[in-house]
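Worksheet: one structure, shown below.
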Amino acid sequence: MVDISAALLAGPLGAAELLRRLNISQATLSRQLRQQDQVVKWGKARATRYALLRPIRGESRFSLYQVQPSGQAAQAGWLLPTWPQGSWLHLDAEQRGTFYEGLPWFLSDMRPQGFLGRLWGREHATMLGLPEDIRVWSDEQSLVALAQSGIDMPGNLIVGSAAYQHWLLQTAPVAFDDGQKRVRYPQLAEQALGGDEAGSSAGGEQPKFLCYATTSSGDRHCLVKFTLARQGENSQRWRDLLRAEHLALQQLQSSGLAAARSQLITVGGQLFLEVERFDRIAERGRRGLCSLEAVSAEFLGRQQHWPDALNELLRQHRLDTASMQRGTLQWAFGRLIANSDMHAGNLSFFTDGALLQLSPAYDMLPMALAPNSLGHMRDEVNLTLDFSLPGDVWRAANTMAKSYWQTIAADEAFSEEFRRIARQAQQQLVALDLTLTRMV
């Protein structure tokens with residue numbers, strides 16, 4: 008019997024190449040394929056390609072579900088791993104779909120990462136027979152974890168029938184009111200630092216946990232960052248930075264730019280920054296979300312700074328003009344408030360429409376002032392322009408940044424050292440005025 012499976016172990020093949028390698032006729036190939044249930048095909052006529060399914064722990068097809076804003080789930084397709092490492096995303100009975108060399112790009116942000124990702128990984132690793140260190144997980148191992156336990160990952164997708172069933176059986180969340188927050192937030196912070204699970208996986212390294220809480224907007228799913236309970240220079244700097252992040256989001260909002268809603272809560276010596284999640288709607292609703300990092304890997308082929316990436320996505324007709332302009336101004340503002348952490352994972356897009364739409368801003372703060380791994384902290388900032396952007400963008404960003412640093416300098420809730428840095432930053436921005444008036 009002709010061994011079609013062996014021919015496809017090295018990867019997908021077109022019909023002509025498969026016929027050549029097997030030295031058989033089209034009629035024989037068609038007959039053999041009808042007897043195969045582990046070969047997937049896509050395309051038509053000469054563009055037809057075949058791939059061999061690659062079962063992962065006995066599973067060849069992983070259902071893909073999309074949670075709607077209403078909280079109802081809908082079947083979004085099926086993910087079929089193939090040999091040696093690719094996957095076929097099967098969308099419907101018409102065999103429409105896409106082949107990927109690994110996992111589909113839009114699943115990248117669902118992989119556990121950062122502070123909470125490590126907690127989530129340790130929580131589930133033993134049960135799933137996976138390494139505790141999520142950084143060494145392969146695509147296959149990540150898929151196993153998502154398909155079994157990934158019920159509350161960023162965005163609106165659920166992979167696998169087991170995870171979907173777990174999601175269906177979840178009880179409705181009960182929101183923490185203001186009084187409960189003062190008790191539960193310190194407890195959840197202690198659990199997070201102790202390695203216990205404190206919500207689902209979200210990117211980033213700063214200590215945080217996820218919860219459902221009553222906010223000024225109503226009951227919302229929130230991400231809560233926090234400082235350590237112990238006192239010291241580093242803890243004080245992080246308190247300043249959480250306050251600075253809250254103010255940066257407010258500054259963006261007051262300037263007409265969408266930003267995540269937040270509030271500060273102080274309990275004893277700890278400060279909590281409660282940020283509302285914009286990929287969640289009410290109790291169970293969700294919105295599709297993907298990072299610039301994932302989008303760039305799929306459509307740009309390389310990571311660039313935000314303005315260049317946004318312009319390229321606009322040129323490819325994948326992004327609307329308003330999102331490009333807002334993201335560019337957001338980046339310029341970040342430069343002028345000493346945000347040294349504007350990597351591609353800190354800019355995201357909603358994926359609900361035909362075009363990508365920029366999400367509200369998040370993680371916007373003077374990260375250049377954060378303590379490094381040795382505890383060292385800078386005592387000044389260096390604010391510079393990037394002349395690849397037009398003057399109108401920098402003039403708008405400069406106005407916003409001046410207001411931002413002025414607010415910090417006048418706010419006694421910040422440490423005197425941080426206020427001194429803010430005054431020095433104001434002086435730098437004033438010094439840029441002459442250059443800005445001359446820019447086109």
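Okay, so the sequence shown: first residue is 8 according to our numbering, each after it adds one. Heads up, the beta-carbon is just placed ideally off N, CA and C, and yes, glycines get one too. Small disclaimer: the values here were computed from a predicted structure and weren't measured.
For ARG426, which residues of its own chain have a beta-carbon under 7 Å away from its beta-carbon, when the five flanking residues on both sides are left out?
For the purposes of this step, residue 426 is identified with residue 419 of the sequence shown, where counting begins at 1. The residues are ILE415, ALA416.
Paired residues, beta bridge with LYS3 - DSSP
Past the boundaries of the shown model lies residue 3; the chain is included only from 8 to 447, so the question cannot be answered.
Three-state secondary structure (DSSP) at ALA289?
To locate residue 289, count along the sequence shown from 1; it is residue 282. Correct three-state label for ALA289: coil.
Neighbourhood of PHE113 by C-beta, 6 Å cutoff - its chain only, sequence neighbours within 5 removed
For the purposes of this step, residue 113 is taken as residue 106 along the sequence shown, with counting starting at 1. The residues are CYS297.
Start and end residues, beta strand (DSSP E) containing ALA58:
As a first step, residue 58 is located in the sequence shown; it is residue number 51 there, counting from the start. 56-59 is the span of the beta strand (DSSP E), which, as asked, contains ALA58.
So ALA345 and PRO314 are in contact, right, with Cβ under 8 Å, and what is the actual spacing, rounded?
Within the sequence shown, residue 345 is the residue found at index 338, counting from 1. Within the sequence shown, residue 314 is the residue found at index 307, counting from 1. Wrong, their Cβ atoms sit about 18 Å apart, outside the cutoff.
Is the stretch 391-398 in contact with the stretch 224-244, if contact means three or more CB pairs nearer than 8 Å?
Three or more Cβ pairs closer than 8 Å define a contact, and the stretch 391-398 falls short of that threshold against the stretch 224-244.
According to DSSP, residues forming a beta bridge with GLU66
For the purposes of this step, residue 66 is identified with residue 59 of the sequence shown, where counting begins at 1. DSSP lists ILE63 as partners of GLU66.
First and last residue of the alpha helix (DSSP H) that includes SER149?
Here residue 149 is taken as the residue at index 142 of the sequence shown, counted from 1. Here the alpha helix (DSSP H) through SER149 covers 146-156.
Check ALA438 in the structure and name its three-state DSSP category.
Indexing the sequence shown from 1 puts residue 438 at position 431. Reduced to three states, the DSSP call for ALA438 is helix.
Determine, using beta carbons only, whether TRP49 and ARG68 come nearer to each other than 7 Å.
Within the sequence shown, the letter at position 42 stands for residue 49. Within the sequence shown, the letter at position 61 stands for residue 68. Not closer than 7 Å, so no.
Is the beta carbon of GLY398 closer than 7 Å to that of MET349?
On the sequence shown, position 342 is the one that residue 349 refers to. On the sequence shown, position 391 is the one that residue 398 refers to. Their beta carbons are not under 7 Å apart, which means MET349 does not touch GLY398 by this criterion.
Residue range of the unbroken beta strand (DSSP E) whose run includes TRP95:
In the sequence shown, the residue the question calls residue 95 occupies position 88. 94-97 is the extent of the beta strand (DSSP E) around TRP95.
Can you list, in chain order, the residues of its chain with a C-beta nearer than 8 Å to that of ASP46? Leave out the 5 residues immediately preceding and following it.
In the sequence shown, the residue the question calls residue 46 occupies position 39. A small fix is needed here, since residue 46 is Val in this sequence, not Asp. Result list for VAL46: ILE11, SER12, LEU15, LEU40, TYR57, ALA58, LEU59, LEU60, in chain order.
Grouping DSSP H, G and I as helix and E and B as strand, with all else coil, what is SER298?
Residue 298 sits at position 291 when you count from the first residue of the sequence shown. Correct three-state label for SER298: strand.
How close, in whole Å, do the beta carbons of VAL437 and THR335 come, if the pair is a contact with beta carbons under 8 Å?
Here residue 437 is taken as the residue at index 430 of the sequence shown, counted from 1. Here residue 335 is taken as the residue at index 328 of the sequence shown, counted from 1. Not really, about 23 Å apart at Cβ, beyond 8 Å.
Extent of the continuous alpha helix (DSSP H) run through ASP315
Mapped onto the sequence shown, residue 315 falls at position 308. 313-322 is the extent of the alpha helix (DSSP H) around ASP315.
Runs of 4 residues minimum, wholly inside the stretch 163-198: which ones carry the alpha helix (DSSP H) assignment?
168-175
Please report the distance separating the alpha-carbon of GLN260 from that of ASN318.
As a first step, residue 260 is located in the sequence shown; it is residue number 253 there, counting from the start. As a first step, residue 318 is located in the sequence shown; it is residue number 311 there, counting from the start. Between the alpha carbons of GLN260 and ASN318 lies a distance of about 23 Å.
Only counting runs of 3 or more residues, tell me where the beta strand (DSSP E) segments fall wholly within the stretch 95-144, in order along the chain.
104-107
Would TYR411 pass as a contact of GLN258 if the rule is Cβ separation under 7 Å?
Position 404 of the sequence shown holds residue 411. Position 251 of the sequence shown holds residue 258. Yes, the pair counts as a contact, with Cβ atoms nearer than the cut-off.
Return the Cβ separation of ALA265 and ALA329 in integer angstroms, given the expectation that the two are a contact with Cβ distance under 8 Å.
Position 258 of the sequence shown holds residue 265. Position 322 of the sequence shown holds residue 329. In fact, because the Cβ distance is near 10 Å, the residues do not count as touching under 8 Å.
My guess is that ARG250 and PHE421 are in contact by the Cβ rule of under 8 Å, so how many angstroms apart are they, rounded?
For the purposes of this step, residue 250 is taken as the residue at position 243 of the sequence shown. For the purposes of this step, residue 421 is taken as the residue at position 414 of the sequence shown. Contact flag correct, Cβ pair sits at about 6 Å.
PHE233 and PHE279 - do their beta-carbons sit closer together than 7 Å?
As a first step, residue 279 is located in the sequence shown; it is residue number 272 there, counting from the start. As a first step, residue 233 is located in the sequence shown; it is residue number 226 there, counting from the start. Yes, the Cβ-Cβ distance between PHE279 and PHE233 is below 7 Å.
Closest to ALA22 by CA distance: which of ARG38, ASP44, ALA54, GLN42 is it?
Here residue 22 refers to the residue found at position 15 of the sequence shown. Looking at the Cα atoms, ALA54 is the closest of the given residues.
Burial state of HIS324 (16 or more Cβ within 10 Å)
Taking the sequence shown and counting its residues from 1, one reaches residue 324 at position 317. HIS324 should be labelled exposed.
Going straight from the alpha carbon of THR444 to that of ARG322, what length do you get?
As a position in the sequence shown, residue 444 is number 437, starting the count at 1. As a position in the sequence shown, residue 322 is number 315, starting the count at 1. Their Cα atoms are separated by approximately 29 Å.
For ASN405, count the other beta carbons within 10 Å of its own beta carbon; 16 or more makes it buried, fewer makes it exposed. Which is it?
As a working mapping, residue 405 is identified with position 398 in the sequence shown. When all chains shown are included, ASN405 counts as buried.
For ASP327, write down the residues that DSSP places opposite it in a beta bridge.
Along the sequence shown, one-based indexing puts residue 327 at 320. Paired residue(s): none; ASP327 is not in a bridge.
If we call anything under 7 Å between Cβ atoms a contact, is MET117 one with LEU150?
Locating residue 117 in the sequence shown gives position 110, counting from the first residue. Locating residue 150 in the sequence shown gives position 143, counting from the first residue. Not in contact: MET117 and LEU150 (Cβ atoms no closer than 7 Å).
Are the Cβ atoms of GLY219 and TYR72 separated by less than 7 Å?
For the purposes of this step, residue 219 is taken as residue 212 along the sequence shown, with counting starting at 1. For the purposes of this step, residue 72 is taken as residue 65 along the sequence shown, with counting starting at 1. Before going on, a small fix: residue 219 reads as Tyr here, not Gly. Cβ atoms of TYR219 and TYR72: not closer than 7 Å.
Expected contact under 8 Å - CB spacing of ASP286 and GLY93 to nearest Å
The sequence position of residue 286 within the sequence shown is 279, counting from 1. The sequence position of residue 93 within the sequence shown is 86, counting from 1. At roughly 28 Å, the Cβ-Cβ gap does not stay under 8 Å, so ASP286 and GLY93 are not in contact.
Can you check which of these residues, LEU230, TRP174, GLN177, GLN431, is closest to LYS188 by C-alpha distance?
Reading the sequence shown from its first residue, position 181 is the one you call residue 188. When each option's Cα is compared against that of LYS188, the closest is LEU230.
In chain order, each beta strand (DSSP E) run of at least 3 residues that lies wholly inside the stretch 201-255
215-222, 225-233
Residues bridged to GLU283 [DSSP beta-bridge criterion]
By 1-based counting over the sequence shown, the position of residue 283 is 276. Bridge partners of GLU283: CYS229.
Is LEU71 helix, strand or coil by DSSP?
Counted from its first residue, the sequence shown places residue 71 at position 64. The answer is strand: DSSP assigns LEU71 an E or B state.
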